[in-house]
Amino acid sequence: MSLLDVTDAAQIYTTRRGLFGRPVKVRAVDGISFSVQPGRTLGVVGESGCGKSTTGRMALGLERPSEGSVTFEGAAMPVPRSAEWRDMRAKMQLVFQDPLGAMDRRLTIAQQIEEPLVIHRIGNAAERKERVAALLVDVGLRPDHAARHPHELSGGQRQRAVLARALATNPKLLVCDEPVSALDVSIQAQVVNMLTDLQVARGIAMVFISHDLKVVRQVSHEVAVMYLGRIVEQGDPEALFADPAHPYTRALVSAIPVPGPRRIPRIVLTGDPPNPADRPSGCAFHTRCPVAIARCKAEVPALRHFDDGRKIACHLADAQTKVAE
Amino acid sequence: MACSIQGCAPVLAGGIKMRRLKIPPLVLIAMLWLVAMVLIALFAEWIRPYGITALDLRARLTPPIGFGGTERHLFGTDELGRDVTSRLIISIRISLMIALGATVIAAVVGTTLGFLAAHFRGWVEQIVLMLIDFQASMPFLILALSVLAFFGNALGLFVVLMGLYGWERHARMARGLAIAANTQGYAAAVRQLGAQPLRIYLGHVLPNIASTLIVSATLSFPEVVLLESGLSFLGLGVQPPMTSLGNMVGSGREYLTRAPWILLAPSTVIVITTLAVSLVGDWLRDKLDPTLS
């Protein structure tokens, strides 16, 4: 049984443009389905505004999907801010992009790591103290960091402290929303390695949201590429990055910097991603797609399963792979 | 290695503490003044030399000691021969009680309403905002006049009425800051950990925005003192024979040219006390913020 099941989930926001503008419905996430097994990682990639973070928030139950369903351990997600919902937080945690903003700057690191234990009434004072000390070691912080305030730590140390807080209650699911994008490259590698080590040691399932394809490739067991609120391609990271099938994935992969001369020419997409409130007809990507045909404009491509376990939403998927060979 | 680091930490923490405890001399003077005021207020009944209504008709309008007065009346006497020192001591007690009580009421009511608005949003927020607008658009003096006219003048009622002054500023600030904290940052993070709303607001949001609220409270404290003085001056505040700082200023103005000490003594107390509260509040705000040291 999978730990987390998201089925046809959509999130619709209503916005109003101008003083007398008509309310416009924006489908930030438009019917996506995926599941996460215990101890596995799903990487979610896509450009800004494609609905990655909203997907993460729905997976955590921080937002209820407007359509579709999210189940955790086979049970539907409780209503946000209810008592059951609060109890459930011990099982699923979020790792934030901005660790300084996510911490209370008036409390010491030890107090903040202890907080989830106090909230969920785990252990007595002495046991909690011991557990905080153990967590600090697990995330690679020194014991004397415990008495510091967040502003007295470096960016990487803060993210480690946020991670220690997220791990305090032994969660089964961790949603990491761009956890390393605020860190510099050398620290990124350290934090990502630590994250994968801890995941293996504790058997945590992860949803890893990022726009950094290299990091996603390193941590994920499965990757979902999102475009304008929909999954356009999903599959094994090695296969997906080695041989991207969807034209959008191909453009993303071609943008990864490689040492030496490029073997595959870079595909530069023209124009901006379309406004989700004014979604193009047919395939949402046809406005920027270099290989679009007439059918792409008229018909929405379904996410089709392929023999190698991959799922692709493109009318040209079969033809494309042949062309690439 | 780890041992040496651990041994190092308390020393470092002690060093930071020592630095934090250093109080600037001006703030120290202000604190001493406030402590003196509170002590005077607490022990007013014991330290006043005479009763506030005790007349010494043969020594009317006696100047203070050093200006031709005697040690019988340290700060001189008023037009009825009442001892200014004794009246000043009781006035400090009454005015301090009103100003302190009113400031606390305003801060508590305002912050609570602001948090309620930020937490529930929707119609609760609309009602709170409507109350804020009502309070802000209504001249407070007129509100005070009508309440005092309808319900008569009792000291308890007067304190509560003064407490209505300035709550809307606290409410506005608390609401804005709490909404900001809720949508992104530490409050959202703690909510996501599964904390009860009470824990989020009292344990995290309140300490984080306390510095702003304290500054606002220290600003409204002098205003309440001055408002009380103004109302008493108009004869709507503390009623004779009871006395307050504003009351003394009001009654002393008729003798400004002949006996300025009746007015100057309470005025000086008002000015120095409000200044002291502002100084201490400002200093306190910096001290409450661990990121400033």
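In the order they appear, the protein sequences are chains V and P.
If you're matching positions, the first sequence starts at 1 in my numbering and goes up one per residue.
If you're matching positions, the second sequence starts at 1001 in my numbering and goes up one per residue.
Just so you know, even glycine gets a beta-carbon here, dropped at the ideal spot from N, CA and C.
Keep in mind that this is a model prediction, so the values were computed, not measured.
Three-way DSSP call (helix, strand, coil) for residue i in this model
i, result
"P/I1272", "helix"
"V/K311", "strand"
"V/C296", "helix"
"V/L228", "coil"
"V/G235", "strand"
"V/E222", "strand"
"P/S1278", "helix"
"V/P280", "coil"
"P/L1177", "helix"
"P/I1023", "coil"
"V/H286", "coil"
"P/L1055", "coil"
"P/L995", "No answer is possible for residue 995 of chain P: the residues shown for chain P start at 1001 and end at 1293."
"V/E191", "A small fix is needed here, since residue 191 of chain V is Val in this sequence, not Glu. Helix, per DSSP."
"V/L213", "helix"
"P/L1288", "coil"
"P/E1168", "helix"
"P/R1199", "helix"
"P/A1002", "Residue placement at P/A1002 cannot be trusted, given a pLDDT of 41 that sits under 50; what the coordinates show is reported in the next sentence. Residue state, collapsed to three classes: helix."
Closer than 8 Å to chain V by CB, residue i
i, result
"P/P1207", "yes"
"P/Q1126", "no"
"P/L1193", "yes"
"P/G1185", "yes"
"P/V1190", "yes"
"P/H1204", "yes"
Segment limits, beta strand (DSSP E) that includes residue i
i, result
"V/M77", "V/M77 -> no beta strand (DSSP E), and no H or E assigned at all."
"P/I1047", "Here P/I1047 belongs to no beta strand (DSSP E); instead the alpha helix (DSSP H) covers A1044 to I1047."
"V/Q93", "M92 to V95"
Boundaries (first-last residue) of the alpha helix (DSSP H) holding residue i
i, result
"P/I1105", "V1084 to F1120"
"P/Q1192", "Y1186 to Q1192"
"P/M1138", "Unbroken run through P/M1138: none, as it is neither H nor E."
"V/R86", "A83 to M88"
"V/R158", "G155 to L167"
"P/F1067", "No alpha helix (DSSP H) holds P/F1067; DSSP gives it neither H nor E."
"P/V1160", "L1155 to G1163"
Sheet register partners of residue i (DSSP bridge)
i, result
"V/G260", "DSSP lists no partner for V/G260."
"V/A205", "V/L173"
"V/R304", "V/I312"
"V/T71", "V/D5 and V/A76"
"V/T270", "Answer is none; V/T270 lacks a bridge partner."
"V/T249", "BP columns for V/T249 are empty, so no partner."
"P/T1077", "P/D1083"
Contact with chain P by residue i, beta-carbon distance below 8 Å
i, result
"V/F72", "no"
"V/P116", "yes"
"V/M206", "no"
"V/M103", "yes"
"V/L269", "no"
"V/F34", "no"
"V/L228", "no"
"V/D87", "yes"
"V/I113", "no"
"V/R295", "no"
"V/A90", "yes"
"V/L94", "yes"
"V/L4", "no"
"V/R202", "no"
"V/R106", "yes"
"V/I119", "yes"
"V/L174", "no"
CB contact check: residue i to chain A, cutoff 8 Å
i, result
"V/L62", "The question asks about chain A, but that chain is absent: this structure's protein chains are V and P."
Item to complete: Would you mind listing the alpha helix (DSSP H) stretches within the region 2-67 of chain V that are 4+ residues and don't spill past its ends, in chain order?
Response: 52-60
Worksheet item: What are the uninterrupted segments assigned as alpha helix (DSSP H) that are 4 or more residues long and contained completely in the region 1212-1274 of chain P, given in chain order?
Response: Complete alpha helix (DSSP H) runs here, min 4: 1245-1252.
Practice prompt. Report the residue ranges of all alpha helix (DSSP H) runs contained in full by the region 97-150 of chain V; include only those spanning at least 4 residues, in chain order.
Written response: Counting only runs of at least 4 residues, the region 97-150 of chain V fully encloses the following alpha helix (DSSP H) elements, listed from N- to C-terminal order: 109-119 and 125-138.
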